[in-house]
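Chemist: Following my numbering, the numbering of the sequence shown begins with 520 at its first residue and continues without gaps. To start, I am sharing the structure in question, which I have written as structure tokens.
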Amino acid sequence: MAASAAWADGVGLSGYTLPPGPYHPGDGVPVMLQWQALGAPSASYSFFVHLVGPDGQIWGQHDQPAPTERWQPGKRYADLVSPTLKPGAPPGRYRVTLGWYAYPSMRRLALADASADYITLGQIDVAAR
């Protein structure tokens, strides 16, 4: 799916793939992320993908460093990640959120328009085992 999201310091999302499920506790949720360097990031950042349940709790996540300080403006990059739903994750509709942060400070990168520090990619369905 085409996307257009931009974070501070030249980090951009140009597309993603997120199969809607259904998934079950213990399942990995495959998320393909397509990045584009909108500028030349000044540091190496990490990104996160959270699986947020209907109760607002994070029931799965994946964090991964990316060599953003080596990204070249205009170039595209891709990552395939599979955050795993925790055992006991309740059934329902989950939001899949994405953001960036600096490690080790854990300071999140704001979106370029400063409206937030993460985006919601979409939703998935989680069913009971």
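The C-beta atom is built at its ideal place from N, Cα and C for all residues, glycine as well. Predicted model only: the values in this text are computed from it and were never measured.
#1: If we ignore side chains and look at the alpha-carbon of each, how far apart do residue 547 and residue 575 end up?
#2: Using alpha carbons as the reference points, say which of 549, 571 and 542 lies closest to residue 638.
#3: Touching or not, the region 586 to 598 and the region 623 to 641, by the rule of three or more beta carbon pairs under 8 Å?
#4: Going straight from the alpha carbon of residue 622 to that of residue 577, what length do you get?
#5: Just confirm the distance between the C-beta atoms of residue 538 and residue 644, as a whole number of angstroms; I'd bet it's less than 8 Å.
#6: Going by Cα to Cα distance, which pick from 612, 603, 566 and 586 is closest to residue 641?
#7: Less than 8 Å between the CB atoms is what I'm expecting for residue 563 and residue 588, so what's the real figure, rounded?
#8: Please determine, among 573, 584 and 530, the residue with the shortest C-alpha to C-alpha distance to residue 615.
Modeler: The answer reads as follows:
#1: 19 Å
#2: 571
#3: no
#4: 20 Å
#5: Not really, about 10 Å apart at Cβ, beyond 8 Å.
#6: 612
#7: 5 Å
#8: 573
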